[in-house]
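There are 2 protein chains.
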Amino acid sequence: MSELKNDRFLRALMKQPVDTTPIWIMRQAGRYLPEYREVRAKAGGFMDLCENADLACEVTMQPLERYDLDAAILFSDILTIPDAMGLGLYFAEGEGPKFERPLKTLADVQKIAIPDPEDELRYVMNAVRTIRKELNGKVPLIGFSGSPWTLATYMVEGGTTKDFGKVKGMMFSNPQAMHLLLDKLAQSVTSYLNAQIAAGAQAVMVFDTWGGVLSDEKYEEFSLRYMQQIVSGLTREADGRKVPVTLFTKGGGRWLEKMAATGCDALGLDWTQDISQARQRVGDAVALQGNMDPSVLYAEPEVIKSEAKKVLDGFGEGPGHIFNLGHGIHQHIDPDKVNVLVDSVHEYGKTS
Amino acid sequence: MSELKNDRFLRALMKQPVDTTPIWIMRQAGRYLPEYREVRAKAGGFMDLCENADLACEVTMQPLERYDLDAAILFSDILTIPDAMGLGLYFAEGEGPKFERPLKTLADVQKIAIPDPEDELRYVMNAVRTIRKELNGKVPLIGFSGSPWTLATYMVEGGTTKDFGKVKGMMFSNPQAMHLLLDKLAQSVTSYLNAQIAAGAQAVMVFDTWGGVLSDEKYEEFSLRYMQQIVSGLTREADGRKVPVTLFTKGGGRWLEKMAATGCDALGLDWTQDISQARQRVGDAVALQGNMDPSVLYAEPEVIKSEAKKVLDGFGEGPGHIFNLGHGIHQHIDPDKVNVLVDSVHEYGKTS
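Heads up: the protein sequence lines correspond to chains B and R, in order.
Sequential numbering from 1 applies to the first sequence in the numbering used here.
Sequential numbering from 353 applies to the second sequence in the numbering used here.
See the structure below:
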């Protein structure tokens, strides 16, 4: 493997000094980029794009050509694992992801098997290998997965949901089935992320998109516990370098101390949390990633600069901050705005 | 006006001793009830139902006939004010509320006028008067409004939204227009709620459904500040009795102390907040309303009872608790489950 030319991102995750604050952007390879939309149209379905290592690599590299970003993230979907478990993932136009065979009963859960990452999910590992080679040490590559609870919501609901009635129905009425499902998912995510690390991912992130819809008690029992299981089971070193793990629960500001106590290296923050308070709460335990409101990018350059500065000032001096949005970039953002953001973070980040 | 036979709800809002914990349920008059669906079908459109005082009264009374609830809530919509402002509210089948003429510019905002509650919104006041008469002192009647920020989101987005891009775009790029809009809305909500109180509402509640999508700083500037303005402008006494005001920001657990400092009497809590911690944080400043996860009602009676008990135990001893769900009841809940909840709260609430 070629030497890493820009290791700001990995150093910041380990709370080591950096020359300026690193930045990457959730969904940086995505629909706001015209060149992405072109490849996406060429590929056919969204999963066709994920399953083709060359195309997945092409779209992963696109934002790095436009912007001075400090990390690449594997282009893939969080629902690859449930799909590999045989639930039949498909994307209905304008409706988000759906499953042909959602889980309803304990028997359904008992039937599902833990996928072999180098078999059913080999296309993901091939993408990781292709991207890592193409990056050629430019910046580190982030691998990722959905959290067990987040994957379970889609698997039980059969798609996106507004009220989480089915998955919470199973949680309240049939906790045995829910725990069996979450344990299978934690095992699957662990082996999936370890395979990504073996294939070349230099940092990994667990996206707990829906943990925030739980109460304190249920979050600990049904989401955090299984992320803890994953953190404990991950390979934490590759190529003689630490592989940092970041946990991100959207709407999870209440639980930062508990999340930090899992032994992860960093926490992702959504924009609703005050990063200065978050840093006070977690102390030296973890690095922090985030957390500008993605909607700031609808505003003019001056507002983008001042809002980015607020986040940098909020984190304050010293290492351990990776700049990001508090959620994925919206599809209707003008791509030129991202240049304003990236450059102002690098410029202002030198002094903070 | 006839004497109030059950004042548990009003007493609890004032933190006065009660014989058992009062309970009402957000959206208690709604689609989960077959008798509601029947009236709704008969009425035509949803707004036809709101605009007909007799039908609005009929559906308001329905849950009180089935359940031993301690309060009635006016049947209406939070979007009556923007509709009265001339934005053209309509309901597209399966898509939620929409506006024909959403606000885009400062000029759009400058054009809108503050509605006269006894003119453009007279149908709401008529419903309040009809319901109050029909209640005949059985339980108190709650009036309500959306918060300025929440109303503004619909008025600028033109309907429901996933990313709040337009309304936040205006907030970040054109704060002058946004503040003008929010000030007009705060004035409108104040006169609207005061008119509801004059017409017979015995308590009022402000629903800030979308305050939780803001950062700390923006919440204070764009949502809380205008709820404060409303609280300061409300008539707080009617028929020689205090008219308590409750503020509810969904996802607003971070701001309980600040919300309590507005001078309101009670805070609504969504289910993601620990009610025991919430009580510690607000102390004696306000009563608390909530906060069982609405999805618990998908579970069997035993689970409903034990989860309700957890909320009651979480609040602990002493007055100042009004039991409710942490959000509106879901439409697919079995109506018989609500009896289980109401009766177990009243039974267990005696000892707590």
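Heads up, the beta-carbon is just placed ideally off N, CA and C, and yes, glycines get one too.
Is it buried or exposed for residue i, if we count other Cβ within 10 angstroms and need 16 for buried?
i	result
GLY94 of chain B	exposed
ALA177 of chain B	buried
ALA278 of chain B	buried
ARG236 of chain B	exposed
PRO301 of chain B	exposed
ASP665 of chain R	exposed
ALA705 of chain R	Outside the displayed range of chain R (353 to 704) lies residue 705 of chain R, so it cannot be described from this structure.
THR60 of chain B	buried
GLN62 of chain B	buried
PRO386 of chain R	exposed
SER2 of chain B	exposed
If you measure from the beta carbon of residue i to each beta carbon in chain R, is any gap under 8 Å?
i	result
ALA198 of chain B	no
PHE91 of chain B	no
TRP271 of chain B	yes
ARG254 of chain B	yes
CYS71 of chain B	One point to set straight first is that residue 71 of chain B is Ala, not Cys, in the sequence displayed. Not closer than 8 Å to any Cβ of chain R, the Cβ of ALA71 of chain B fails to qualify, so no.
ASP77 of chain B	no
ASP274 of chain B	yes
ALA299 of chain B	yes
HIS332 of chain B	yes
ASN207 of chain B	One point to set straight first is that residue 207 of chain B is Phe, not Asn, in the sequence displayed. By this cut-off, PHE207 of chain B is not an interface position.
SER232 of chain B	no
ASP336 of chain B	no
GLY212 of chain B	yes
PHE172 of chain B	yes
SER215 of chain B	yes
Give a yes or no on whether the C-beta atoms belonging to residue i and residue j are separated by under 8 Å.
i	j	result
GLY263 of chain B	VAL231 of chain B	yes
GLN202 of chain B	VAL243 of chain B	yes
ALA266 of chain B	THR246 of chain B	yes
PRO454 of chain R	THR512 of chain R	no
ASP626 of chain R	ASP274 of chain B	no
TYR571 of chain R	SER497 of chain R	no
LYS520 of chain R	SER306 of chain B	no
TRP501 of chain R	SER575 of chain R	yes
THR360 of chain B	TRP210 of chain B	Residue 360 of chain B is absent from the model: chain B starts at 1 and stops at 352.
LEU649 of chain R	LEU621 of chain R	no
ALA479 of chain R	PHE172 of chain B	no
GLY251 of chain B	SER276 of chain B	no
ASP239 of chain B	VAL139 of chain B	no
ILE23 of chain B	PHE323 of chain B	yes
PRO82 of chain B	LEU180 of chain B	no
GLU348 of chain B	LYS309 of chain B	The identity of residue 348 of chain B in the sequence shown is Tyr, whereas the question assumes Glu. The answer is yes: Cβ separation under 8 Å.
Residue i CB to nearest chain B CB: under 8 Å?
i	result
SER575 of chain R	no
ASP645 of chain R	yes
LYS520 of chain R	yes
VAL655 of chain R	yes
PHE667 of chain R	no
ASP324 of chain R	Nothing can be reported for residue 324 of chain R, as the shown portion of chain R is limited to 353 through 704.
GLY440 of chain R	no
VAL648 of chain R	yes
GLY517 of chain R	yes
GLY510 of chain R	no
GLY603 of chain R	yes
Under a three-way DSSP split, which group does residue i fall into?
i	result
ILE131 of chain B	helix
GLU589 of chain R	strand
ASN6 of chain B	coil
PHE600 of chain R	strand
HIS698 of chain R	helix
LYS168 of chain B	helix
ASN324 of chain B	strand
MET227 of chain B	helix
VAL508 of chain R	helix
ASP48 of chain B	helix
LYS610 of chain R	helix
ALA405 of chain R	helix
SER76 of chain B	coil
LYS490 of chain R	coil
LEU267 of chain B	strand
Quiz item: What are the start and end residues of each continuous beta strand (DSSP E) run of 3 or more residues lying completely inside the stretch 269-296 of chain B, in chain order?
Solution: Whole beta strand (DSSP E) segments, 3+ residues: 287-292.
Quiz item: Which full runs of the alpha helix (DSSP H) of 4+ residues lie inside the stretch 520-557 of chain R, going along the chain?
Solution: 527-551
Quiz item: What beta strand (DSSP E) runs, 3 residues minimum, are completely inside the stretch 408-463 of chain R?
Solution: 441-444 and 448-451
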